[in-house]
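Notes follow the structure.
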Ligand code: 4AD
Ligand code: MG
């Protein structure tokens with residue numbers, strides 16, 4: 001395969017011939033010199049290609065200077081090109097090597113290219129989401145995202161967790177929260193015309209109501225109680241009307257699930273997991289992180305480093321609420337025992353109290369999902385959320401109720417149709433074991449690592465309430 005800019009920049013600048021392929025970031029002219037910055041997205045840096053148009057210059061350009069000159073003068077930002085030349089030491093500051101260019105071939109012109117040298121707002125770039133990966137910021141986000149996905153697999157594979165592909169279309173509400181997108185092939189317009197008649201879901205594609213999954217957890221549990229340790233990593237969907245900087249309607253979730261693990265084991269796993277991912281990013285995404293640190297969120301590198309070295313703070317929900325109540329003046333939403341922690345509360349706990357990540361455990365059962373293991377107090381469940389500064393919740397997990405009768409009782413209390421979950425309850429009938437797991441929103445992770453403020457800017461094509469363009 002041909003060399004990428006990333007490869008070429010790692011070579012010795014010993015005059016070797018090189019071929020650069022990519023997109024023009026900038027073109028500058030200075031007397032007889034033409035400087036072209038070429039970026040191919042393989043790394044943050046662009047490569048500088050310098051044409052010397054002096055007829056008898058020290059670095060004579062192509063013999064067909066006329067043809068080269070014609071391409072150079074018409075060349076605009078965004079065009080795709082191929083440049084041939086020699087890799088030499090760069091006389092300029094800021095780069096080790098550059099290409100002493102001899103020949104250029106225009107591959108694809110770019111007329112009235114919307115991305116110019118100036119800084120564009122992230123809002124504007126969302127409107128041209130198909131072009132934004134060509135900017136410094138979104139190229140860097142894409143590379144960090146890819147690196148982190150790799151690190152996720154590496155982390156679990158090394159610990160003998162098997163990767164399971166849980167279904168995307170499902171008949172079950174895994175969180176029991178009722179915020180699912182319905183999947184149907186029924187003709188909506190006909191249903192509207194038939195106005196008032198009950199809808200026959202048996203005639204639907206799957207012979208019953210189906211939805212996009214909100215979590216692969218329940219199916220992951222079935223595999224964990226067969227393979228011991230598994231993880232899911234796939235898209236999940238939530239039809240929540242939360243128009244915030246940390247919610248998407250379509251996001252990717254990583255869900256490890258392990259048999260014979262209790263809540264403490266799963267908290268330890270979550271802490272190791274985050275530390276391993278941050279370590280990976282610090283080690284392998286340095287150039288991109290340096291950019292985020294300088295231009296997006298000052299101190300993001302130091303924050304990652306400090307998390308890697310710190311022990312996470314632990315607190316029960318009850319203790320956390322007591323602490324919040326003591327500081328009630330600081331909040332718009334006054335905290336009380338039983339309330340769902342608001343983002344301002346999570347921020348306070350991590351930024352003002354712990355100065356780092358906090359794992360909150362033992363939440364009231366009313367604000368958590370049906371499958372969580374009940375504590376002896378019958379009021380709280382074996383739940384844990386990992387909260388981080390800036391973002392709040394990054395991970396949510398729990399020990400699962402492995403006792404069939406208790407689980408069924410809880411589901412009945414919540415008015416759930418236990419018949420539909422027969423297969424799930426079966427796990428508690430046939431060789432039940434204590435088991436635990438958690439879910440991490442992949443975009444929240446990418447947000448934390450890059451410092452990007454809005455979750456819509458860390459996924460290529462964000463889907464949120466009212467918008468699913470591209
Ligand atoms: O806390 P949640 O809802 O937990 C579950 O879905 C469990 N079934 C996970 C498990 O135990 N296997 O979601 C888990 C994580 C959250 O901590 C958050 O990081 C992310 O998923 N998340 C979202 N990310 C982006 N947009 C949304 N709308 C999200 N909802 C949850
Ligand atoms: Mg949660």
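Numbering (our numbering), first residue to last: 1 to 470. Quick reminder that beta carbons are idealized off the backbone N, C-alpha and C, glycines included.
- For residue 142, the closest alpha carbon among the candidates 466, 456, 468 is that of 456.
- Those residues placing their Cβ nearer than 7 angstroms to any heavy atom of ligand 2 are, following chain order, 385, 393, 396.
- The beta-carbon distance between residue 52 and residue 5, rounded to whole angstroms, is 21 angstroms. This is too long to meet the 8 angstroms contact definition.
- Excluding residues up to 5 positions away in sequence, 227, 230 lie with their Cβ nearer than 6 angstroms to the Cβ of residue 162 in the same chain.
- Between residue 99 and residue 47, the gap from beta carbon to beta carbon is short of 8 angstroms.
- Assignment of residue 137 by DSSP, reduced to helix, strand and coil, places it in the helix class.
- Beta bridge pairing from DSSP links residue 318 with no other residue.
- Its Cα nearest to that of residue 94, the residue 45 stands out among 45, 180, 434.
- Using a Cβ-Cβ distance cut-off of 8 angstroms, the segment 261 to 268 and the segment 433 to 440 are in contact, since at least three pairs of beta carbons, one from each stretch, lie closer than that value.
- Restricted to the segment 325 to 360, the alpha helix (DSSP H) segments that are unbroken, complete and at least 4 residues in length are 343 to 347, listed in chain order.
- Judged by DSSP in its simplified three-state form, residue 444 adopts helix.
- Counting only the Cα atoms, residue 343 lies some 18 angstroms from residue 313.
- For residue 94, no pairing in a beta bridge is given by DSSP.
- With respect to residue 155, residue 273 sits close: the two C-beta atoms are nearer than 8 angstroms.
- Note: residue 26 is bridge-paired with 37 in the DSSP secondary-structure output.
- When the Cα atoms are used, residue 169 and residue 211 turn out to be separated by approximately 6 angstroms.
- Distance from the C-beta of residue 440 to the nearest heavy atom of ligand 1 is below 7 angstroms.
- If one requires a minimum length of 3 residues, the beta strand (DSSP E) runs lying completely within the segment 353 to 437 are 358 to 364, 380 to 388, 392 to 399, in chain order.
- Take the alpha-carbon of residue 347 and the one of residue 379: they are about 25 angstroms apart.
- In this structure, residue 112 keeps its C-beta atom at 8 angstroms or more from the C-beta atom of residue 79.
- Per the C-alpha coordinates, the member of 186, 196, 194 positioned closest to residue 207 is 186.
- A residue is called buried once 16 or more other Cβ atoms fall within 10 Å of its Cβ, and residue 165, having fewer, is exposed.
- In this structure, the straight-line span from the alpha carbon of residue 224 to that of residue 373 is close to 17 angstroms.
- Distances taken from the Cβ of residue 435 to the heavy atoms of ligand 1 include none shorter than 7 angstroms.
- Here the alpha carbon of residue 17 sits roughly 7 angstroms from the alpha carbon of residue 84.
- Between residue 77 and residue 25, the C-beta gap is smaller than 8 angstroms, which places the two residues in contact.
- Measuring C-alpha to C-alpha distances from residue 449 to each of 300, 30, 416, 171 identifies 300 as the nearest.
- Between residue 387 and residue 357, the C-beta spacing is below 8 angstroms.
- Under DSSP, residue 467 shares a beta bridge with 464.
- Considering only 466, 445, 465, the residue with the shortest C-alpha distance to residue 458 is 445.
- Distance between residue 253 and residue 315, taken at the CA atoms: about 25 angstroms.
- Boundaries of the alpha helix (DSSP H) around residue 286: 286 to 295.
- Across the set 340, 400, 238, the C-alpha of 400 shows the shortest separation from the C-alpha of residue 261.
- In the three-state reduction of the DSSP assignment, residue 83 falls in the strand class.
- Beyond the five residues adjoining it in sequence on each side, residue 308 comes within less than 6 angstroms, by CB distance, of 275, 278, 279 in the same chain, given in chain order.
- In the three-state DSSP reduction, residue 311 falls in the coil class, being neither helix nor strand.
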